[in-house]
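This report refers to the structure that appears directly beneath it.
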Amino acid sequence: MPLLTIATFLPILAGLALMALPDRSTKKAHTVSIAATGAVFLITLGIWARGIVAGDFAQVEEIAWIPAIGAAYRLGVDGLSLPLVLLTSLLFLLSALYSARIGERAASYVVLMLMLETASLGTFMALDGLLFYVFFEVSLVGMYFMIAGWGYEERQRAALMFFLYTLVGSLPLLLAIIGLYLGSGTFDMRVWVEGTTLGGLPAMLALIAMLVTFAVKIPAFPVHTWLPAAHVQAPTAGSVILAGVMLKFGTYGLMRFAYQMTPEAFAQAGQVILAFGVVSALYGAFAALAQSDLKKMIAYTSVNHMGYVVMGVAIAALATEPRIRTIALDGATLQMVSHGLVTGALFFLVGMLQDRAHTRGIGDFGGLLGRVPWLGWAFILSAFASLGLPGLAHFPAEFQIFLATLNGMPWGLIAILAIVVTAALYLRAIAGVFLGEMNDKWADMPDLDRREKLVVLPLLVLTVLIGVAPGWLIDMIHTTMTGLGN
Amino acid sequence: MIPELMIALSVGAALFGVGLYGALSQTNLVMIIMGVELILAAALLNLVAFWRYLHPDVTAAKMFVLIVMAVMAVEMAVGFGIAIARFRSRGSVEMEEARELRG
Amino acid sequence: MSIAVIILALAIGCYAVAVLEGWAVHGRLSLTRPATSALALLGREQILPRTSDRLFFEAGPVLLLVAGLLSVAVIPLAPGLIITDLAIGALFLNAALAYVLVALIMAGWGPNGAYGMIGGWRFLGQFVAYAMLIVMPITAVAMRAESLSTTQIVLSQAALWNVAYQPIGFVLFVIAAMGVAWLPPIDLPTGGGDLAGGVEAEYTGARLAVLRLARLVIIVALASATVTFYLGGWLGPWLPGWAWTALKTLGVAAAMLMLGPRLPRLREAKYLELSWKLGITLALANIFLVGVIALVVPI
Amino acid sequence: MEMGRDLALLAPELTLAAAAMLMIVAEMFRAARLVLAIGLAGLAAATLLTLPMLSVDATVFGGTYRIDLISGWAKLILLPGTALSLLLVRAEITGRPREGSVQSLVVLVTLGALMLSGAGDMMVVVIGVVLTGLGSFALVAWPRDDAATEAAMKYLVFGAVTGSVMIYGLTFWFGGTGSTLFSELGQLQGQTLVTIAGLIAIIVGLGYKGSLVPFHFWAPDAYQGAPVSIAAYLSVITKAAAFFAFAQVLRDLPRDGGWPLALAVIAAATMTYGYLAALVQTNLVRLIAYSSVAQSGYFLMGVVALGASGFAVPGILVFAAAYVAMNLGAFAVVLLAGRDLGDLEGFGRTRPWLGAAMVVFLLSLTGIPPLFGFVGKFYLLSAAVEAGYLWLAIIGVLNSVLALGVYLRLMVPMYRTSSTEHPSEVGAVLTQGTVVVTVLATLLIGLAAGILPGP
Amino acid sequence: MSELTQYAILLGLTLGTVGLVLSLYALARAIGRARAEPAKDVPATAGTLARDPVWVRYHAKYYGYALLFLAFDMEMAFMYPWAVVYREEGLVALLDMGVFLAILFLGLLYGWSQGALRRQ
């Protein structure tokens, strides 16, 4: 059974079916949404169960699309994409659950969400350059309408900024794809990832184009400025998807495209990329420290965490020892998954807080822990995970990255400073919101209800699980990264 | 180069220049069309000269001449048709007065 | 040599036509009248109207005369007796006649007089009416002759004159020819009754003489063209070729001149309507018929 | 027999010509519905007749007219495009005087467009330019009011001047090669001045048709003054035909004349200027007019790459198909919404389906995958890159951002809440039908791009 | 006689005509000149001089015909070459031109039906 195809297109088909329904009530829309995302989640579990193979893509599905130019519909997974696929389907399921309270134009909202899920899964599973680009851009459009339609106060501006930034960012990728295509005569990414398609100047030009695209998407300093605006204005589920899934497009692209397709050029530019990674990590941390808006603060920590991923990939390109390269890549990939889980949880929690209080300012709260213990403890656990506490999801990932950095490019270790800063800012946030004196305004704030617990708990469980016993995930990642590192 | 050809081409170029200047500098639709006709006359002269002095056995040239003549006539017919429509609507065919459409 | 002969013949022809016209108009056959009135015109005072367009005023009559002469230049009087036997004679005739319009408009515009102006513009309308009926019948004639040379056209009628071969074309051509020469009943530009002479109104003295001479030349040219295209040119028994041409031409001219005054004058609008709605339909039918006949009967 | 073969190859054109004649006959009896029916039937028949001929590569009438990939696909693109335009015309001007004449003229102009796209000879190009031009002038002037006659007048003056300049320049190519056939243009090798003279002529003449900067001034005026449906028609059919003609003419020309560079500069200027000008428009029709000027710049990227990239010709064809679908669709929506930018206020909320369709058209015009417009732009960008014009491709890509700015000016107000009424108008069914067809084409052909010609 | 000579003759004829006219004028002048009188040169408009030039707009009521004529006259240019080779080409020529003329005639009928052949 073509599980990959089914997983990819089930959401959009469900969306179309919903549009075709004569009765598009809110309730029905959310039922469709939850059913579809749930089914997709189960299917991705099935894909996981089928397993992957070392050194190649598994479960490849291929159909002719534009034979004249060698473009085809090709899907497949490996140790890099499968964890991200699982993360995506999980986060979309949880978002669907969380969004079930949205009443405003629910049908359109659901359709957009489902379209986004298709685009996201397609982006991770595409093995055809053109197809990848198609999914990549569709996700952009979907997110634009999501922010513009259901966001907060300044949503129009934020949406436009997001769209312009990422479109400008993504167009160079198109040129790079054209270059790769003209160099190889096919759009098959399996050919491209062998890394021999382009060489010399064309490879460097293609790399620069790809780096521009993915740096915007990741986002890395200094092209991150769209991110805080988009996150703050996006609806909660949109933030979760944006941070949890769509930022991974950038890091996934960095590894899949930049690192794999133009390896030599990447190695040449490795120091620069590493520097960008380090700066991003530090900058994100310091910028987050300066925020008083919870959502913005979390958005900036994303810059910080993604900076680690960039560092990991850069170290892998610079290191000479295969062992170290593998460690770096393992760490970078794991970091993506961890970030998706942890930041997803944080955004959900902030969203829930905002639903109750209609404000996001740290200073507006205080002493909430006693009033809403579920929400508080969940937030504290996620925050600790986010700052890299051992035993929680980010620790194994960041540990591997720093280990590789120490062995490869020791100067990069200054990024560890960022962990300290992150710790400080989270402690400050926790203290400001949940500890200290209670603000009477929130005296009757309700704690998490059953649906909200259902949304948050899986993420917390996974966070702990990965922190304590990451083996099951690292093994999967490692299967592929061993090949990449050599 | 054949001197006669050069003379013919020079006259053609002069006609073209006059026609183009007329078409670009006049503001009356009818005068502009006259400029256009001069340009086409230059084209005719060129064609005939090339045919006569360089390619005397190419019959396509004669056909081309006929077609250019037809173009002249038909263009003029449609041009005046539009001029009449304009005149009926506005009472003038001055390009300078055509300033309604702008964005 | 042939030039001189033909110019002479033309001069005689013009005089004869003048006599005929006098007869047709005044009902009296006088052989000296044209000569005397020409002399009188030359002797009369010449008035130059107040005009800023002297060039048009002066050029009108001359151009008219040139147009007439150039059209005569391609008409054969007898085998070999022709000024220029152009390969595209029939087309050239057509082109030369087009200048009649230009000349009359110039003559009407030049003097800055209302009657002349209206006469000129009216002739433009008349031109629009007759022009196609000159061109289309000639095409049919050329189809039979497989040539545009007037000599060839005459030779092609050896077996049967075109007047019998394509009678529709003949009738159309004659009517159109009367339009070209603004003969009654289609004499709009000078329209006796209502325009005080029309384009002729401001011309006096020698200029009027030239204008009238030019018109005579045009009448002769059209009559001889009719003869060439439809009445077998110089072909005919017993008499020498030139005599046949001359006789036939005079005959046609006489017929045209006599016919006109007996018909009610045609308004330009009516003429236009008739020639486009009826005339062109017939002319196209004529071309088609000639086409079919030429394929079926190889004469 | 030679003649029989030629006529058989010309079957689509002849069918269309016959249909046009019949339409005129029907118009004489003022039977507007019959005119439309004949037109649609003729277009359908001609399209069907084209299908078996797509793989033919031949010339007829002594090489003057080409039956090849370009002209074959041109028919497949232009004929259905014309059919949709006829529906729009019908929807907009039902019952007004001389409706049938407009319909017949539309078909005749398309005939001219087909001649342009199959031209193998200077004379055919001249006839094509004149046939499309004159018909278009009359179409623009049809309403006979001040705006329309002004538009027609400007359109005519530009057309007449550029057309005659083109003819004058082409005579030099005849002088240089001794033939009016484009297939002989290879003989121009070395005759730089002659080559340049003809090239300028072609760029002026066809550039006007394709509304390239700096020959674009007529386009916004003409589109604004004409009925919306006519503007829609002109903006797609004659423009696409101009670029097909470019392809036919320039593909035999030696590439060493420096013309690719000149055209590349024009292309860059055209797309940038078009979008910049569109950014400040308030009249919807003018805005789309300027945006379609910009789209011409993309077309030209394919022309620049002619002879240097296998993507050039397919690129022009595919983009033309996409452009016809999306621009016609956008104009159809304008026909329903209104001519002013303010008329779009809240349109997407009161008419959700049409709003969604408009969004699809605009995103496709921007070049967002997987829509049809993206496929076309992808081909064209590939062509430019392969031909060594990376800088042009980069400018093209950067202009997509400007494009987005332009099209967001339409999209954003559509989803604002407003009190603007959007009454359904007369003939709305036909217009909506057109929207449905074009939106399906824009969505689906992008996905099923395998049926399109490749390099 | 070469073509060039033929046209030279025609040019000569033209010049000769002009010469003839000029000599006629000279003759008239020789016969006698009239004394100039004031206001004799007024154009024949009921004896008064129009205040403005009479070159005003003249309503060409036949312009519908004129536009049709422009097209028709030009199409005839295509017919002359055809007419000359008509008998050589035979039936094909008849068909060719039959279609051509049919379309031309259709144009006339169309113009007619749309009121172009009406006094405007």
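Respectively, the protein sequence lines represent chains A, B, C, D and E.
Each residue of the first sequence is one higher than the one before, starting from 624 at the first, in my numbering.
Each residue of the second sequence is one higher than the one before, starting from 18 at the first, in my numbering.
Each residue of the third sequence is one higher than the one before, starting from 33 at the first, in my numbering.
Each residue of the fourth sequence is one higher than the one before, starting from 13 at the first, in my numbering.
Each residue of the fifth sequence is one higher than the one before, starting from -6 at the first, in my numbering.
The C-beta atom is built at its ideal place from N, Cα and C for all residues, glycine as well.
Hey, would you say residue i sits closer than 7 Å to residue j, going by beta carbons?
i	j	result
A937 (chain A)	G876 (chain A)	no
G466 (chain D)	A691 (chain A)	yes
V203 (chain C)	T260 (chain C)	no
F194 (chain D)	D264 (chain D)	yes
A881 (chain A)	M827 (chain A)	no
G190 (chain D)	V65 (chain B)	no
L87 (chain E)	G323 (chain C)	yes
M313 (chain D)	N411 (chain D)	no
A866 (chain A)	F970 (chain A)	yes
T631 (chain A)	G745 (chain A)	yes
L99 (chain D)	A32 (chain D)	no
Can you grab the Cα-Cα spacing for the pair residue i / residue j, in whole Å?
i	j	result
E817 (chain A)	R879 (chain A)	11 Å
S113 (chain D)	M40 (chain D)	9 Å
V438 (chain D)	L753 (chain A)	At V438 (chain D) the pLDDT is 48, less than 50, meaning the model places this residue with poor confidence; the figure from the coordinates comes in the next sentence. Cα to Cα, the separation comes out at about 42 Å.
W193 (chain C)	L66 (chain D)	55 Å
G264 (chain C)	S16 (chain E)	37 Å
M72 (chain E)	G104 (chain E)	21 Å
I246 (chain C)	V98 (chain C)	It should be noted that the sequence gives Ala, not Ile, for residue 246 (chain C). So the alpha carbons of these two residues sit roughly 8 Å apart.
I115 (chain C)	T182 (chain C)	12 Å
P269 (chain C)	T277 (chain C)	12 Å
Looking at C-alpha atoms only, which residue of the options is the closest neighbour of residue i?
i	options	result
A86 (chain D)	D:D352, D:Y335, D:V424	D:Y335
R244 (chain C)	C:A67, C:L61, C:G311	C:A67
L1040 (chain A)	A:I629, A:V902, A:L1058	A:V902
A127 (chain C)	E:A70, E:G91, E:A53	E:A70
Q158 (chain C)	C:N144, C:L133, C:V231	C:L133
L455 (chain D)	D:Y427, D:Q307, D:P24, D:V387	D:V387
M149 (chain C)	C:A172, C:F88, C:A209, C:P330	C:F88
M769 (chain A)	A:A782, A:P1093, A:S925	A:A782
I1143 (chain A)	A:L639, A:S1009, A:G1106	Limits of chain A in this structure are 624 at one end and 1109 at the other, which puts residue 1143 (chain A) out of reach.
M473 (chain D)	D:G408, D:W185, D:L224, D:I208	The structure shown has nothing for residue 473 (chain D), since chain D only spans 13 to 467.
A832 (chain A)	A:R697, A:L790, A:R1073, A:A749	A:L790
Would you grab the beta carbon distance between residue i and residue j for me? Rounded to a whole angstrom, and I think it's under 8 Å.
i	j	result
P100 (chain C)	A253 (chain C)	A small fix is needed here, since residue 100 (chain C) is Gly in this sequence, not Pro. Indeed they touch by this definition, with Cβ atoms about 5 Å apart.
F810 (chain A)	W849 (chain A)	Incorrect: roughly 29 Å between the Cβ atoms, too far for contact.
L720 (chain A)	L1083 (chain A)	About 15 Å separates the two Cβ atoms, so there is no contact after all.
V325 (chain D)	L81 (chain D)	7 Å
F1018 (chain A)	L1026 (chain A)	Going by Cβ atoms, the distance from F1018 (chain A) to L1026 (chain A) rounds to 12 Å, so no, they are not a contact pair.
A38 (chain D)	L28 (chain D)	Not quite, the Cβ-Cβ distance comes to about 15 Å (not below 8 Å), so this is no contact.
Is any heavy atom in the ligand SAM found nearer than 6 Å to the beta carbon of residue i?
i	result
T284 (chain D)	Absence of the ligand SAM from the depicted structure is noted, as is the absence of any ligand whatsoever, leaving it without description.
For residue i, go through chain G and note every residue whose CB falls closer than 7 Å to its CB, in chain order.
i	result
L110 (chain E)	Absent from the structure is chain G; the protein chains it does hold are A, B, C, D and E.
Using a Cβ-Cβ cut-off of less than 7 Å, give me the residues of the stretch 142 to 158 of chain D that come near chain B, in sequence order.
Residues of the stretch 142 to 158 of chain D that bring their beta carbon within less than 7 Å of a beta carbon in chain B comprise V142, L146, F149, A150, A153, R156, D157, D158, in sequence order.
Check each residue of the stretch 86 to 119 of chain B: if its Cβ is closer than 7 Å to any Cβ of chain E, include it; give the result in chain order.
Taking 7 Å as the upper bound on Cβ-Cβ separation, chain E lies near residues M86, A87, A90, V91, M93, A94, F97, G98, I101 of the stretch 86 to 119 of chain B.
Residues within the stretch 95 to 117 of chain D neighbouring chain E, beta-carbon criterion of under 9 Å
Cβ proximity to chain E below 9 Å picks out R110, S113, S116 from the stretch 95 to 117 of chain D.
Which residues of the stretch 173 to 184 of chain C have a Cβ closer than 7 Å to any Cβ of chain E? Give them in chain order.
Within the stretch 173 to 184 of chain C, the residues whose Cβ lies closer than 7 Å to any Cβ of chain E are, in chain order, A174, M175, E178, S179, L180.
Of all the residues that make up the stretch 147 to 166 of chain C, which are near chain E by a beta-carbon distance shorter than 8 Å?
Those would be Y147, G148, M149, I150, W153, L156, G157, V160, A161, A163, M164, in chain order.
Got a sec: which bits of the stretch 765 to 797 of chain A sit with their beta carbon under 8 Å from any beta carbon on chain D, in order along the chain?
Listed in sequence order: A771, G772, Q779, L783, F786, L787, L790, V791, L794, P795, L797.
Compile a chain-ordered list of the residues in the stretch 79 to 91 of chain E whose CB is closer than 9 Å to at least one CB of chain D.
Per Cβ criterion, the list reads V85.
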